[in-house]
Every structure is written in structure tokens, then in C-alpha cells.
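Numbering-wise (UniProt numbering), the sequence shown opens with residue 1 and increments by one.
Read the structure below first, then the notes.
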Amino acid sequence: MQMAQRDEQLASISSSVGSQANTDRLKPNLPRRYLIAGPRENYLKIGVPLYEASITCNWNDAQVILDNKPELVRFSITENGETALHVAASAKGDPKDVEQFVRKLVDLMKKEDLELENENFNTALYLAAAAGNVETVKIMVDKNRVLMMIPGAGKMLPLYAAALFGNYDVVKYLYQESNELCDDCWNPTNRAWLLEKCVEGDMFDIALKIVKKYPKLGRETGTILGVLARKPEAFVETKSIIMKTIRLSKLLYSSMFITHQPPENKHPEPDEGSAPTDMAQNPTISPETKSDIIRRTIKSVFTFISSKVGVYEKENQALSLLRIIWEDIAKKPRNEIDRILRGPLDSFKQEKLASGRVVRVLQLQQLINEHLDKMEAETRNIIKGQPNPTTQDTNPTASKADHALQLKNLISAYVVNMHIASQKIDKQDNTPVIVGGKGNQSLELQKLISKHIVNMHEESQDIIKRVSGREDQAQHLQKLIFRNITSLRATTKLKESYSSRVLFIATEMGNTKFVVELIRLYPDLIWKVNDNGLSIFHIAVKHRHEGIYNLLFEIGAMKDLITPLRDEHENNMLHLVGTRAKQKQLEDVSGVALQMQRELLWFQEVKKMIPPSYRERKNTDGLTPHDLFTIEHKELVTQGEKWMKGTASQCMVVATLIATIVFAAAFTVPGGYDQDNGIPTFYSKATFIVFVVADAISLFWSCASILIFLSILTSRYAEKDFLESLPNKLISGLLTLFLSITTMTVAFGVSFFVLYHKALMDLESEAQSHQPLYS
Numbered sequence: 001m002q003m004a005q006r007d008e009q010l011a012s013i014s015s016s017v018g019s020q021a022n023t024d025r026l027k028p029n030l031p032r033r034y035l036i037a038g039p040r041e042n043y044l045k046i047g048v049p050l051y052e053a054s055i056t057c058n059w060n061d062a063q064v065i066l067d068n069k070p071e072l073v074r075f076s077i078t079e080n081g082e083t084a085l086h087v088a089a090s091a092k093g094d095p096k097d098v099e100q101f102v103r104k105l106v107d108l109m110k111k112e113d114l115e116l117e118n119e120n121f122n123t124a125l126y127l128a129a130a131a132g133n134v135e136t137v138k139i140m141v142d143k144n145r146v147l148m149m150i151p152g153a154g155k156m157l158p159l160y161a162a163a164l165f166g167n168y169d170v171v172k173y174l175y176q177e178s179n180e181l182c183d184d185c186w187n188p189t190n191r192a193w194l195l196e197k198c199v200e201g202d203m204f205d206i207a208l209k210i211v212k213k214y215p216k217l218g219r220e221t222g223t224i225l226g227v228l229a230r231k232p233e234a235f236v237e238t239k240s241i242i243m244k245t246i247r248l249s250k251l252l253y254s255s256m257f258i259t260h261q262p263p264e265n266k267h268p269e270p271d272e273g274s275a276p277t278d279m280a281q282n283p284t285i286s287p288e289t290k291s292d293i294i295r296r297t298i299k300s301v302f303t304f305i306s307s308k309v310g311v312y313e314k315e316n317q318a319l320s321l322l323r324i325i326w327e328d329i330a331k332k333p334r335n336e337i338d339r340i341l342r343g344p345l346d347s348f349k350q351e352k353l354a355s356g357r358v359v360r361v362l363q364l365q366q367l368i369n370e371h372l373d374k375m376e377a378e379t380r381n382i383i384k385g386q387p388n389p390t391t392q393d394t395n396p397t398a399s400k401a402d403h404a405l406q407l408k409n410l411i412s413a414y415v416v417n418m419h420i421a422s423q424k425i426d427k428q429d430n431t432p433v434i435v436g437g438k439g440n441q442s443l444e445l446q447k448l449i450s451k452h453i454v455n456m457h458e459e460s461q462d463i464i465k466r467v468s469g470r471e472d473q474a475q476h477l478q479k480l481i482f483r484n485i486t487s488l489r490a491t492t493k494l495k496e497s498y499s500s501r502v503l504f505i506a507t508e509m510g511n512t513k514f515v516v517e518l519i520r521l522y523p524d525l526i527w528k529v530n531d532n533g534l535s536i537f538h539i540a541v542k543h544r545h546e547g548i549y550n551l552l553f554e555i556g557a558m559k560d561l562i563t564p565l566r567d568e569h570e571n572n573m574l575h576l577v578g579t580r581a582k583q584k585q586l587e588d589v590s591g592v593a594l595q596m597q598r599e600l601l602w603f604q605e606v607k608k609m610i611p612p613s614y615r616e617r618k619n620t621d622g623l624t625p626h627d628l629f630t631i632e633h634k635e636l637v638t639q640g641e642k643w644m645k646g647t648a649s650q651c652m653v654v655a656t657l658i659a660t661i662v663f664a665a666a667f668t669v670p671g672g673y674d675q676d677n678g679i680p681t682f683y684s685k686a687t688f689i690v691f692v693v694a695d696a697i698s699l700f701w702s703c704a705s706i707l708i709f710l711s712i713l714t715s716r717y718a719e720k721d722f723l724e725s726l727p728n729k730l731i732s733g734l735l736t737l738f739l740s741i742t743t744m745t746v747a748f749g750v751s752f753f754v755l756y757h758k759a760l761m762d763l764e765s766e767a768q769s770h771q772p773l774y775s
């Protein structure tokens, strides 16, 4: 079942790799089908047990069958044309069992038997590469190296299949064995496919080798840049202290094994008159043993730290890959660089939602263009005195005074016809259309048509009422028609959009290092805007990526030219920070109230950045940035109030319990009181003084914590209170609660010591007095 599912996945993926897949091979190199095509009884008796043995990699059961019928190794045991080797090669059992089974099975097969394919053109090596069984792959490659050059489904070579499923060990091995992709089966197309999949699978070391060997693969298109832009985790910031620790561990490790090793492992013998050392007294512990212990200890520390180096090394490889590709691209002409960074033009043909949804938008656009063209032509005909088929005015000798009536009739007919045609399209499909993932364009077109015909009808009626002369009416109506035609055409014209812009994808993902590397060689990128007219800094603010936003502080006065930019809805940078951040961007902040504080901090920071005149600018919805912030964060304020009160209530219960305990402990001191004078028994001891002081401090802090949490419960929960007032109270309450718990623990420890230290000392003395004596 696993193998069948993997074959289905490979088959579905292969359809997207190339439409001309396997056109040069009409039929796969299938195994013999005598067992499948023969009597059903034989298949149930032999084929099914062999399949079960193969998929579980049980060689003992398979050997019983193959000893009697060794030819079955080249027979199909499934309807899809898999041999026992196909089944075992893709098995997901114990790797050792799989390796042993495949090794013994391959020993029974001829070299050409390994080239047999299933119905999907997949060899056993291909399936093993997709499954990630590297030892199985090595066994088959050692037997027949031609297998590496036999493509599977969709003309995908085994190396590509391994990269597609992220099997690093298999990819590394097959790349080494493939002569660095120089074999005849490799071409620029499948090399580019492999490079892309290696980058997607975080196999940056292999991707680096490919790019260094074939530099053109990385610089021809922006595909690899696009993949790297979506991988901020590949460019993790590494703290300098970690690197210093790594270098120190390497120094210690190398010095232990190289610098301080005695020559020829000899140790100096002690002088005859010298005092015996510990090693001389204990001959069972040799200098070598102690040295080995030290080495093992340092080696274990080094191994642990080296495991942390993996992230740093991967980041170095990703950064090196980016620099190699980007430095090559940066040498191109500026228009070529912009084309690569911009990516392909969004097209309806590329939309997965295509079919009826996109057709509806196209139909509406076609409707508008047809009616506008027709109206423009008929208007010119009326002016020239030619017949008008729409209004049935066929008097070619009509005077200019009659043109007003004809134009009025034309507008009325146009309004009615446009409304009827648009309603027919609307009834065909009521499914909303999302173009470029940014809105319902068909609905917007419907609204635009309705608004246009209503306005045009009202304006024409107003002209007839307001203007007295027929000739003047005709001139005004003519201007009205041409003005509306120009306006509607400009409004409904599709705007070219590029949603694959590499720079803005990296900004949305928070890939700071990637953005910095691009700007380092092409500083003008800070001026680039996306389809909505926003810069990378606006996008960084919208998605709350402070690393990219902080680059604004490094460009000096130029920031005053970038921050005022606005999108198509007149939203400036402060409007963008006024929209609520996505939940994913708030997950690293614990507590809803602190999330609200972070949003307020962002708003205050951006408010300082933009020019004062833009802080109260309204967008197309008539909202100032602060108005938008209040609306967007209304729910967060409510949730923050609920969270803050719940936290304060729970902490106040704990503080009250602590106050109760330490208050009672102040009057029930350890050891009790002297019955004669009422003075505590351990009054003169220093530990008793420590107990009293710690208990008093604990009582003070717990009472202070109660008051602070009580003030939180009775506080005002306005939007601005979440910036400083409420968080400061919460932090103060938690701090005083922590201090009260700490001092209460100290008081408990001292009390325990005062009461039981003498008994513990007596118990230890008694235990020592009963130790056996050895002669």
C-alpha cells in the first residue's frame, strides 16, 4: 500500500514536471506477467506470499519460494507491474532488514533484471530513492550503474525523485555517483529542477556544488531566489557567544588530542627516592585511563556543541548560495535584474480557480468594451448625420438641433442594454471571484457598471433640464458620452500584477538577511514598490518584522521620502500598523494584554517615524490611523482585560495564602516559647533572627502583592492603559509575589534547620560509631 501510494504521488507530481513526459518511450520495460496473467490459484499460492514476504522484508519466507522458483525475481507480483525488488526497495521497515533482503534478492538477479519497470515507468532504484533507503540504493547502483540514468515517471531521474521527497543521504550519494550531473541523461532543464528541489529541501551543500558547477542555473531566472526568500529559517541569526563557545571547544578538543599528547604514549617513571603518587598507590588506574576519561568528557561536550553548529553551518551554506546567485544576477543590466526580481506576470491562465470564475470577469470586461465601442461609434455617426441602428433614428438629414434628442435616446438605450446584459452574466454564476487573492473583481465590476449607468442617466437628464438650447444640449451630451467612455475604460482596465516579487516575498516572511544581501549589491531596491505602491518598509510594518523595519534608521533622511507612500486606498504606514497583526506574529508574546502592549509599541514607534502631517490623514474609508487602530484592536482590548483580571485574581489568591501562612508563622516560632518569661526558646540564636526577618519580609511583600493585584482588578481598561500602566502593575505584582515566595522559602529553611539540625548531627554521629573496622 505504501508503494502504491508513493507511485500515485510520483505520478501526480510528474504531470506538473513536463507535458511531454515519456513520449519517447511508448511502453515501460515491464517484467514478465505469467504469474499475474496465469491461473488465480497459482497467484494466491505463490504471488501473495511472495508479496507479503517482500513488503515485510522477511527473507526466510521469500527464500522458500525463490529456491523452488528462482525465475520469480523477474516476474510481476502486482497488477501495477512491480517485482519483489520493487516492493522491497520501497518498504518502510527496519533498514537493516530491508538492506539484507534487497542484497540477497539482487544477488539472485541478473544485471538487466534491475532495469525492469512498473506501469509508471519506475525502476526499483527509482522507488528506493523516493523512499530514502540509501543502503538499498547503493546495493543496486553497485550492481548496475545504468539505473541512475533511467528516468521514471515524468522523465524524473532517481536523483530528482530523492530530492523531491527530501532524502538527503540518497541525494548526496547519487550526486557523487552521477559524475556531478555530467552524464548524458542530464540537461539544463532537469539540472534546474534538481537545484530547485535541493534548495526547497534545505540541501544547501549540494545546491552549492551544482551552482558552482553550472552557474547559469541560478542566474537565468529568479526561481531559486524565490525559494530562498521563503526560507527565513535558513538565515538564522547566530549569537557571537555561541560561536566563541564553539571555537573554544574546538581549541580544547584539538589541544587534548594533539598538543599535550606524550610522544609515543610513554610516561616518565618516578624517581626511586620520590614519594609514591596516587597512581602508584592504585595501580588499577593508569595515566592512559584518566586521560581517556578527560578526552571522552571533552569529546561529549564538543559533540553536543557541534550539534548546535548544524544550524550555523546550514545558514552559512544558504548565505553562500544566495551570494553566488545574487552576485551573478547583479552583473546583469538593470532592466534584467528588475525582471528577475519581479517574477512572472500574474495571469488568469495560471490561476487554479480558473474555469467559470475567471470567465465571468472576462465576460464582464468584454461586455463593457463592446458597449463602449458601440456607443462611441454611434455617437460619431449621429454627429456626422449617419443612421443610428440602436435608437432607430435613420434620418441622415437631421439638423444639429435634432442631435440632442438622438444622443439622449442613445444614452437611454445604452443604459438599459448595459444593465440587462450585465444581469444575464451575473445570473450565470454567483460564485465570487478572487483575482490575485486580493478581492472579488467580478463583484467590483458589477458595482462599477451599476454606478456608471446610474450616473450617466442622471447627468443626461440634468443636462436636458439645465441647458436650454438644442445645440448646446447636443454638445454637452456629446462631452458627457466621451468623458464616461474614457473614464470607464481606464477604470476597468486590468492592472498588471506581480505577486511573485522576490523582494516583497522575503519581506513578508521576515527574511532580513536575504533582504540585506539584495540591498547590499543593489541599494536602489529600497525605492521599489509592489503592486499596491508600498515599499518593503511598509510591508515590514504590516507584518511586524522589526529587523527589516530597522533598516529605515540606516538610510538617513531618505526615510522621509519613503514613509509617506500610500497604497491605492490611501493607507499610509501608520494605517498599516493600525491593522491588527496576524495571530502567528503574536504567538511569541505570552498573554493577550502583553500582545496588546506590543501592538501599541509598534503604533507609537511608527508614529514617530512618519512626518507629522501624515499622522491624521484619512484613507478612502474616512478613517485616521488611530481610528483604524481602535476598530481593529477592539476585540484584543476586550480579551486583554479578561486575561489581565483572570491573572490578577489567581495571583492574588496565592499572595493571600502566603500572607496567611507567614503571619501565622510569626506567632508560632520554631522551638516554642519559654513558659516562665514567654521569650522564644531560640531567641539568642542568629538563625532565629534570620527566620524572623525573612518571615517579616515575606509578609510585607505578599501584602504589597495583594494590593497591586487588587489595583489591577479595579483599574481602567482603556486602550492606552495597555501601553504602560497595566503591564507595569502586572510586572510589579509578579515581582513582589516572587519575592514573598522566596523569603517564605528562606524562613522555612531556617526554621527546619533550627529545629532539626541537632537531631541530624546526633544521627550522623551514631551512624559513624557503628561503622565496621577493617584490618
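Even for Gly, the Cβ is constructed at its ideal location relative to N, Cα and C.
Quiz item: Which residue's Cα is closest to the Cα of residue 668: 590, 725 and 695?
Solution: For the purposes of this step, residue 668 is taken as residue 668 along the sequence shown, with counting starting at 1. It is 695 whose Cα lies nearest to the Cα of residue 668.
Quiz item: Any idea which residues DSSP pairs residue 117 with across the strands?
Solution: Counting from one through the sequence shown, the residue named residue 117 turns up at place 117. Note: residue 117 sits in a beta bridge opposite 123.
Practice problem: Just the C-alpha distance for residue 350 and residue 498, rounded to the nearest angstrom, thanks. | Solution: The residue you call residue 350 lines up with position 350 of the sequence shown. The residue you call residue 498 lines up with position 498 of the sequence shown. Low per-residue confidence applies at residue 350: pLDDT is 44, beneath 50, and the placement is therefore not dependable enough to give any value.
Self-check item: Three-way DSSP call (helix, strand, coil) for residue 40 in this model
Solution: Locating residue 40 in the sequence shown gives position 40, where the first residue counts as 1. It is helical.
Quiz item: Touch check for the stretch 30-38 and the stretch 116-126: three-plus C-beta pairs under 8 Å?
Solution: yes
Practice problem: Return the chain-ordered list of same chain residues with a C-beta closer than 7 Å to the C-beta of residue 549, the five sequence neighbours on each side being excluded. | Solution: As a first step, residue 549 must be located in the sequence shown, where it is residue number 549. 537, 540 and 541, listed in sequence order.
Self-check item: Straight-line gap, residue 596 to residue 510 (C-alpha atoms, nearest Å)
Solution: Residue numbering aside, residue 596 sits at position 596 when the sequence shown is read from its first letter. Residue numbering aside, residue 510 sits at position 510 when the sequence shown is read from its first letter. Approximately 21 Å between the Cα atoms of the pair.
Self-check item: Rounded C-alpha distance that separates residue 343 from residue 725
Solution: Position 343 of the sequence shown, counted from the start, is the residue given in the question as residue 343. Position 725 of the sequence shown, counted from the start, is the residue given in the question as residue 725. Residue 343 and residue 725: Cα-Cα distance of roughly 48 Å.
Quiz item: Going by DSSP, what residues sit across from residue 75 in a beta bridge?
Solution: If you number the sequence shown from 1, residue 75 lands on position 75. Residue 75 pairs with 32.
Quiz item: Which stretch, first to last residue, makes up the alpha helix (DSSP H) that contains residue 342?
Solution: Position 342 of the sequence shown holds residue 342. Taken as a continuous stretch (DSSP letters only), the alpha helix (DSSP H) holding residue 342 covers 334-342.
Quiz item: So what's residue 182 in DSSP terms, helix, strand or just coil?
Solution: Counting from one through the sequence shown, the residue named residue 182 turns up at place 182. Coil, per DSSP.
Practice problem: List the whole-angstrom C-beta distance separating residue 689 from residue 744, where the pair is believed to meet the contact cut-off of C-beta under 8 Å. | Solution: Within the sequence shown, numbered from 1, the residue matching residue 689 stands at position 689. Within the sequence shown, numbered from 1, the residue matching residue 744 stands at position 744. So it is not a contact: roughly 17 Å between Cβ atoms.
Quiz item: How is residue 373 classed by DSSP in three states: helix, strand or coil?
Solution: The residue labelled residue 373 in the question sits at position 373 within the sequence shown. DSSP places residue 373 in helix when its eight states are reduced to three.
Quiz item: Could you give the distance in angstroms between the alpha-carbon of residue 697 and the alpha-carbon of residue 735?
Solution: Taking the sequence shown and counting its residues from 1, one reaches residue 697 at position 697. Taking the sequence shown and counting its residues from 1, one reaches residue 735 at position 735. Rounded to whole angstroms, residue 697 to residue 735 spans 14 Å at the Cα level.
Quiz item: How many Å lie between residue 460 and residue 480 at the Cα?
Solution: Stepping through the sequence shown from its first residue, residue 460 is reached at position 460. Stepping through the sequence shown from its first residue, residue 480 is reached at position 480. If you take the alpha carbons of residue 460 and residue 480, they lie about 8 Å apart.
Practice problem: Compare the C-alpha of residue 701 against each of 707, 740, 666 and 719 and name the closest. | Solution: Taking the first residue of the sequence shown as 1, we reach residue 701 at position 701. Residue 701 has its Cα closest to that of 740, out of 707, 740, 666 and 719.
Practice problem: Assign residue 756 to one of two classes, buried (16 or more other C-beta atoms within 10 Å of its C-beta) or exposed (fewer than that). | Solution: Position 756 of the sequence shown holds residue 756. It is exposed - the Cβ of residue 756 has fewer than 16 other Cβ atoms within 10 Å.
Quiz prompt | Beta carbon of residue 161 nearer than 7 Å to that of residue 128 | solution = Working through the sequence shown from its first residue, we reach residue 161 at position 161. Working through the sequence shown from its first residue, we reach residue 128 at position 128. It is not a contact, given that the beta carbons lie outside the stated cut-off.
Quiz prompt | Anticipated Cβ contact below 8 Å, residue 565 with residue 533, distance rounded | solution = Translated into positions along the sequence shown, residue 565 becomes position 565. Translated into positions along the sequence shown, residue 533 becomes position 533. Indeed, because the Cβ distance is near 6 Å, the residues count as touching under 8 Å.
Exercise. On a CA-only basis, which of 154, 704 and 594 is nearest residue 655? Give me that one, please.
Key: Here residue 655 refers to the residue found at position 655 when the sequence shown is read from its first residue. With distances taken between Cα atoms, residue 655 lies closest to 704.
Quiz item: Just how far apart, CA to CA, sit residue 436 and residue 503?
Solution: Taking the sequence shown and counting its residues from 1, the one referred to as residue 436 is at position 436. Taking the sequence shown and counting its residues from 1, the one referred to as residue 503 is at position 503. Any reading at residue 436 is ruled out, since the residue's pLDDT is 39, under 50, leaving its predicted position unreliable.
Practice problem: For the alpha helix (DSSP H) holding residue 658, just list the boundary residues, first then last. | Solution: Along the sequence shown, read from residue 1 onward, the residue named residue 658 stands at position 658. Element bounds for residue 658: 634-665.
Quiz item: Residue range of the alpha helix (DSSP H) that residue 102 falls in?
Solution: For the purposes of this step, residue 102 is identified with residue 102 of the sequence shown, where counting begins at 1. Looking at the DSSP string, the run of the alpha helix (DSSP H) that includes residue 102 is 95-107.
Quiz item: If you compare alpha carbons, which of 587, 574, 544 and 610 is closest to residue 559?
Solution: As a first step, residue 559 must be located in the sequence shown, where it is residue number 559. Among 587, 574, 544 and 610, the Cα nearest to that of residue 559 belongs to 610.
Quiz prompt | Beta-carbon proximity list for residue 183, same chain, < 7 Å, skipping 5 on both sides | solution = In the sequence shown, counting from the first residue as 1, residue 183 sits at position 183. Around residue 183: 149.
Quiz prompt | Beta-carbon spacing of residue 662, residue 699 below 7 Å | solution = One-based indexing of the sequence shown puts residue 662 at position 662. One-based indexing of the sequence shown puts residue 699 at position 699. A contact, by the Cβ cut-off of 7 Å.
Practice problem: Please list, in chain order, all residues of the same chain as residue 592 whose beta carbon is under 7 Å from its beta carbon, the five residues on each side excluded. | Solution: Here residue 592 is taken as the residue at index 592 of the sequence shown, counted from 1. 636, 639, 640 and 643.
Exercise. Using the Cα positions of residue 568 and residue 178, report the straight-line distance between them to the nearest angstrom.
Key: Stepping through the sequence shown from its first residue, residue 568 is reached at position 568. Stepping through the sequence shown from its first residue, residue 178 is reached at position 178. Near 52 Å, if we compare the C-alpha coordinates of residue 178 and residue 568.
Quiz item: How should residue 653 be labelled, buried or exposed, when 16 other C-beta atoms within 10 angstroms of its C-beta is the threshold for buried?
Solution: Here residue 653 corresponds to residue number 653 of the sequence shown, with the count starting at 1. Result: exposed.
Practice problem: Check whether the Cβ atoms of residue 477 and residue 463 lie closer than 7 Å to each other. | Solution: Locating residue 477 in the sequence shown gives position 477, where the first residue counts as 1. Locating residue 463 in the sequence shown gives position 463, where the first residue counts as 1. A contact, by the Cβ cut-off of 7 Å.
Practice problem: At 4 residues or longer, and completely inside the stretch 584-623: list those alpha helix (DSSP H) runs for me, N to C. | Solution: 592-609
Quiz item: Does DSSP classify residue 86 as helix, strand or coil?
Solution: In the sequence shown, counting from the first residue as 1, residue 86 sits at position 86. Note: residue 86 maps to helix in three-state DSSP.
Exercise. Tell me, please, whether the stretch 132-144 touches the stretch 40-48 by the rule of three or more beta-carbon pairs shorter than 8 Å.
Key: no
Quiz item: Expressed to the nearest angstrom, what Euclidean distance is found between the alpha-carbon atoms of residue 66 and residue 95?
Solution: Residue numbering aside, residue 66 sits at position 66 when the sequence shown is read from its first letter. Residue numbering aside, residue 95 sits at position 95 when the sequence shown is read from its first letter. Approximately 22 Å, taken between the alpha carbons.
Self-check item: C-alpha gap between residue 404 and residue 574, whole angstroms
Solution: Residue numbering aside, residue 404 sits at position 404 when the sequence shown is read from its first letter. Residue numbering aside, residue 574 sits at position 574 when the sequence shown is read from its first letter. Cα to Cα, the separation comes out at about 51 Å.
Self-check item: With 16 other Cβ atoms within 10 Å as the buried cut-off, status of residue 176
Solution: For the purposes of this step, residue 176 is taken as the residue at position 176 of the sequence shown. The residue in question, residue 176, is exposed, as its Cβ has fewer than 16 Cβ neighbours within 10 Å.
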